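Residue numbers (full-length UniProt numbering): 1 to 591. Worksheet: one structure, shown below.
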């Protein structure tokens, strides 16, 4: 009795969340195992993000954000144009490629303004500078000279005009390195020999310890290196600390360490929100000693040379393995957005990955698996090939809460009863094999409830006996021994949609058929109900109160699903093959 087109109703205990493991930032807090477990219900503090916060699997710290990127964005939000005009608006301009009417790209996270609308136009501009026209299929594009000709150059050039205030000369270009500077040769040479930076008509004093090539080149061309990650050229540094760590306005920082070969994110001062140029003090000192602060040597230049593709895991600078996005299997797994968590309640560790089966376990290790799969007692019924086992689950068992939650949340008919016990049913292998073969053939498996009856002397679940009666006349025990059977079904059970096996996603609906299982103890009423796995296959969906026999299920269908509507108060799922369903759990509840 359930909807075949809806997702499985099984309520699953939360097992993980979207994360980039190992690279989180933000305020942290630690606590007991249960408190850490609650970290997955705390939402990321970045406005607009609904992901759970990250919990470090080694230190068990609970972070304020789901990932390092959101921590950076929250601590250093992009400034409105009215508040950052001195840092951003001076460098914004239309795309410099002739014939393109778009404006330069702007990184909304960092506030960086680029000179080109896209990476493709930046590459094309560099190719035009070298006199090579890019090809589009088999047709060579026509080079447009007009947009790149400097007004006073008097010649045919492909270089943008100098960005120095009042200068119309073309920007200087280095034929050996392929770099295009942000200013003309005159201003480039003059500024390189001075200690004054020229930035959009403004000047600022520079430290004498700066390398001459680093000093000068007012403005920025934007994209400085074409690689797997587009990087933006920030304006010249405003100060140099004693340690060699250079600082710039955070709104225009690229967010990546400026030391050649390092792909880590630059550090952030959590007190002031200021972003540094380097990921660490060591890299800042190395850049100072080498006279280079990163891949942009010369302030306003960009290098249109394809760089090697690096591992897509944040913070890894190793090259990608051939044909893959990551350098190794471990980094590919770490970059996954969903890493399941140990399902034992109170544990916040990541689940163990089984390399042989290439999938995650339900637990972080063997000890938690043994604890999580603990059963209170095991009862047996039947004999020989029809023998079955009932395992009473401990409340800490990983499957207990899932079954209980599905039962109580799907009652939908007045007061919800109390769940007393949950038994895991171990069916005979012959019955299980038939079900698996049918499920693999038709698919569309669902978890549905089924109410039934039992013999009056089969009262093991009330405490009077410790074993099921195993009688052939006991419907519940018979289902556990040989599975569901269509033989012996009464007219009451198939009045709507023909002779079949009836199930529902609503536990309260199945309770209407469980009155024959009721037992009394100390004045309380106890009933039992099955939670079954049902292979629905292709379902005939209807809202009719009943169907003729030739349409149950009808040609081309495996089952009938009666949806809730004017004729049905609750849904019903009907299958017509004995192998289409198998009981998985027996729920004992007190009315």
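Where a beta carbon is used, it is the ideal one built from N, C-alpha and C, also for glycine. Just so it is clear, the structure is predicted and the values come from calculations on it, not from any experiment.
Discussion item. For residue 589, report the span of its beta strand (DSSP E) as first-last.
Written reply: Taking the chain shown and counting its residues from 1, one reaches residue 589 at position 589. Start and end: 581-590.
Practice prompt. Check whether the Cβ of residue 105 lies closer than 8 Å to any Cβ atom in chain B.
Written response: Of the chains in the structure shown, none is chain B; there is only one protein chain.
Worksheet item: Whole-angstrom Cβ separation of residue 96 and residue 71, contact assumed at under 8 Å?
Response: Taking the chain shown and counting its residues from 1, one reaches residue 96 at position 96. Taking the chain shown and counting its residues from 1, one reaches residue 71 at position 71. Going by Cβ atoms, the distance from residue 96 to residue 71 rounds to 34 Å, so no, they are not a contact pair.
Item to complete: Report the residue from 581, 476 and 417 whose alpha carbon sits nearest the alpha carbon of residue 524.
Response: Counting from one through the chain shown, the residue named residue 524 turns up at place 524. If we check each option's Cα against that of residue 524, 417 comes out closest.
Worksheet item: Would you call residue 310 buried or exposed, if buried means 16 or more other Cβ atoms sit within 10 Å of its Cβ?
Response: For the purposes of this step, residue 310 is taken as the residue at position 310 of the chain shown. Buried, because 16 or more other Cβ atoms sit within 10 Å of the Cβ of residue 310.
Worksheet entry | Segments assigned beta strand (DSSP E), at least 3 residues, entirely inside the UniProt domain "PARP catalytic" (471-583) | 501-503, 519-521, 524-535, 539-542, 559-562 and 572-575
Practice prompt. Can you give me the start and stop residues for the beta strand (DSSP E) that residue 421 sits inside?
Written response: The residue you call residue 421 lines up with position 421 of the chain shown. First-last of the beta strand (DSSP E) with residue 421: 418-426.
Practice prompt. Give the range of the alpha helix (DSSP H) segment to which residue 450 is assigned.
Written response: Against the chain shown, residue 450 aligns to sequence position 450. From DSSP, residue 450 is part of no alpha helix (DSSP H) but of the beta strand (DSSP E) over 445-451.
Worksheet entry | Secondary structure of residue 55, DSSP reduced to three states | What you label residue 55 is simply residue 55 of the chain shown in a count that begins at 1. In this structure, residue 55 counts as strand in the three-state DSSP scheme.
Practice prompt. Would you identify the three-state DSSP class for residue 646, choosing helix, strand or coil?
Written response: Absent from the structure is residue 646, since the part of the chain shown begins at 1 and ends at 591.
Worksheet item: Are three or more beta carbon pairs between the region 428-436 and the region 499-519 nearer than 8 Å?
Response: no
Worksheet entry | C-alpha distance - residue 409 paired with residue 399, whole-angstrom precision | Position 409 of the chain shown, counted from the start, is the residue given in the question as residue 409. Position 399 of the chain shown, counted from the start, is the residue given in the question as residue 399. Cα-Cα distance, rounded: 16 Å.
Item to complete: Hey, could you find the ends of the beta strand (DSSP E) residue 454 is sitting in?
Response: The residue given as residue 454 occupies position 454 in the chain shown. Careful: residue 454 lies outside any beta strand (DSSP E) and carries neither H nor E.
Worksheet item: Applying the criterion that 16 or more other CB atoms from any shown protein chain within 10 Å of the CB defines a buried residue, is residue 378 buried or exposed?
Response: Numbered from its first residue, the chain shown carries residue 378 at position 378. Classification of residue 378: exposed, given that the 10 Å Cβ count is below 16.
Worksheet item: Is residue 322 buried or exposed, if buried means 16 or more other CB atoms sit within 10 Å of its CB?
Response: Locating residue 322 in the chain shown gives position 322, counting from the first residue. It counts as exposed.
Worksheet item: Does DSSP put residue 97 in a helix, a strand or coil?
Response: On the chain shown, residue 97 is found 97 positions in, with the first residue counted as 1. Residue state, collapsed to three classes: coil.
Worksheet item: Taking one C-beta from the region 443-451 and one from the region 526-538 each time, how about it: are there three or more such pairs within less than 8 Å?
Response: yes
Worksheet item: Taking DSSP as the reference, what is the three-state secondary structure of residue 278?
Response: The residue you call residue 278 lines up with position 278 of the chain shown. If DSSP states are grouped into helix, strand and coil, residue 278 belongs with coil.
Worksheet entry | DSSP bridge partner residues for residue 353 (one or two, in chain order) | Taking the first residue of the chain shown as position 1, residue 353 is located at position 353. Answer is 360.
Fill in: Assigned exposure category for residue 277 - 16 Cβ within 10 Å defines buried
Here residue 277 corresponds to residue number 277 of the chain shown, with the count starting at 1. Its Cβ being crowded by 16 or more others within 10 Å, residue 277 is buried.
Worksheet item: Which value, in whole angstroms, describes the spacing of the CA atoms of residue 354 and residue 442?
Response: Position 354 of the chain shown holds residue 354. Position 442 of the chain shown holds residue 442. Those two C-alpha atoms are separated by around 29 Å.
Worksheet entry | residue 390 to residue 332 span [Cα, whole Å] | As a working note, residue 390 is residue 390 in the chain shown. As a working note, residue 332 is residue 332 in the chain shown. Their backbone Cα atoms lie some 41 Å apart in a straight line.
Item to complete: Measure the C-alpha to C-alpha separation of residue 50 and residue 44 and round it to an integer number of angstroms.
Response: Indexing the chain shown from 1 puts residue 50 at position 50. Indexing the chain shown from 1 puts residue 44 at position 44. Those two C-alpha atoms are separated by around 6 Å.
Discussion item. Distance check for residue 434 and residue 557, CA to CA, integer angstroms please.
Written reply: Your numbering for residue 557 matches position 557 in the chain shown. Your numbering for residue 434 matches position 434 in the chain shown. If you take the alpha carbons of residue 557 and residue 434, they lie about 20 Å apart.
Worksheet entry | Identity of the residues DSSP links to residue 442 by a beta bridge | As a working mapping, residue 442 is identified with position 442 in the chain shown. None; residue 442 has no bridge partner.
Worksheet entry | Sub-8 Å separation of residue 454 and residue 474 beta-carbons | Taking the first residue of the chain shown as 1, we reach residue 454 at position 454. Taking the first residue of the chain shown as 1, we reach residue 474 at position 474. Their beta carbons are under 8 Å apart, which means residue 454 touches residue 474 by this criterion.
Worksheet item: Which residues mark the beginning and the end of the alpha helix (DSSP H) in which residue 68 is found?
Response: As a working mapping, residue 68 is identified with position 68 in the chain shown. Counting along the chain, the alpha helix (DSSP H) containing residue 68 begins and ends at 68-75.
Practice prompt. Provide the residue(s) that pair with residue 43 in DSSP beta bridges, ordered along the chain.
Written response: Your numbering for residue 43 matches position 43 in the chain shown. DSSP output for residue 43 lists 52 as bridge partner(s).
Worksheet item: Which of helix, strand or coil does DSSP assign to residue 102?
Response: Here the question's residue 102 lines up with position 102 in the chain shown. Looking at residue 102 - three-state DSSP - the assignment turns out to be coil, as it is neither helix nor strand.
Worksheet entry | Where the beta strand (DSSP E) through residue 265 begins and ends | The sequence position of residue 265 within the chain shown is 265, counting from 1. From DSSP, residue 265 is part of no beta strand (DSSP E); its letter is neither H nor E.
Item to complete: Pull up the CB-CB distance for residue 279 and residue 317, whole angstroms please, since I reckon it's below 8 Å.
Response: Position 279 of the chain shown, counted from the first residue, corresponds to residue 279. Position 317 of the chain shown, counted from the first residue, corresponds to residue 317. Not confirmed; about 10 Å, so no contact.
Practice prompt. Return the Cβ separation of residue 559 and residue 579 in integer angstroms, given the expectation that the two are a contact with Cβ distance under 8 Å.
Written response: Within the chain shown, numbered from 1, the residue matching residue 559 stands at position 559. Within the chain shown, numbered from 1, the residue matching residue 579 stands at position 579. The Cβ separation is near 13 Å, so there is no contact.
Worksheet item: Which stretch, first to last residue, makes up the beta strand (DSSP E) that contains residue 407?
Response: As a working mapping, residue 407 is identified with position 407 in the chain shown. Per DSSP, residue 407 belongs to no beta strand (DSSP E); it is in the alpha helix (DSSP H), 398-409.
Discussion item. Could you check whether residue 439 and residue 419 sit closer than 8 Å to each other, using their CB atoms as the reference points?
Written reply: Taking the first residue of the chain shown as position 1, residue 419 is located at position 419. Taking the first residue of the chain shown as position 1, residue 439 is located at position 439. No, the Cβ-Cβ distance between residue 419 and residue 439 is not below 8 Å.
Practice prompt. Measure the Cβ-Cβ separation of residue 348 and residue 588 and say whether it is below 8 Å.
Written response: Within the chain shown, residue 348 is the residue found at index 348, counting from 1. Within the chain shown, residue 588 is the residue found at index 588, counting from 1. It is not a contact, given that the beta carbons lie outside the stated cut-off.
Worksheet item: Can you name the residues that DSSP bridges to residue 391?
Response: Here residue 391 corresponds to residue number 391 of the chain shown, with the count starting at 1. Looking at the DSSP assignment, residue 391 forms a beta bridge with 378 and 424.
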